[in-house]
Amino acid sequence: MKNVVKISILSALVAGIFSACSSEPKSVQYYQDPKNAEELAEKIKECKKNANSELNDDECANAYKAEYSKSFKRGHLDPREFFKNNSNGANNQ
């Protein structure tokens, strides 16, 4: 009876350790959510410290994809605004 209790406790402990190590990476949708913008920025900063992190870490890959997709949601710049903001360009050389 004592062995059964020991084995069950040991099994629970081992299962707990392995389940903590294999957590699911956060998804692209998670990082795209505006509520998680700060976490996305932190993850991108962390991932930039490691070369090829998007290839080796699924969570970094998802963070980069979410960051990239945000660039398409910014919309197009009105040409008048572009030329207004760049009035010191080629014409004033």
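Residue numbering for the sequence shown follows the numbering used here, beginning at 65 and increasing consecutively.
Backbone N, C-alpha and C define an ideal beta-carbon position, used for all residues, glycine too.
Predicted, not measured: the structure shown is a model, and the values here were computed from it.
6 Å CB neighbourhood of residue i in its chain, flanking five on each side removed
i	result
valine 92	Asn126, Lys129, Ala130
Cα-Cα separation between residue i and residue j, rounded to whole angstroms
i	j	result
proline 98	alanine 105	11 Å
alanine 115	glutamate 102	22 Å
cysteine 124	serine 87	14 Å
aspartate 122	lysine 66	43 Å
glutamate 118	isoleucine 108	10 Å
tyrosine 94	tyrosine 132	14 Å
proline 143	glutamate 110	36 Å
proline 89	asparagine 120	12 Å
Check whether residue i and residue j have beta carbons under 9 Å apart
i	j	result
glutamine 96	lysine 148	no
Residue i (DSSP reduced to helix, strand or coil)
i	result
glutamate 88	coil
Cβ shell of residue i (< 7 Å), same chain only, five flanking positions each side left out
i	result
lysine 112	none
Minimum length 4: unbroken alpha helix (DSSP H) runs contained in the region 91-143: Within the region 91-143, the complete alpha helix (DSSP H) runs of at least 4 residues are 92-96, 101-112, 117-120, 122-134.
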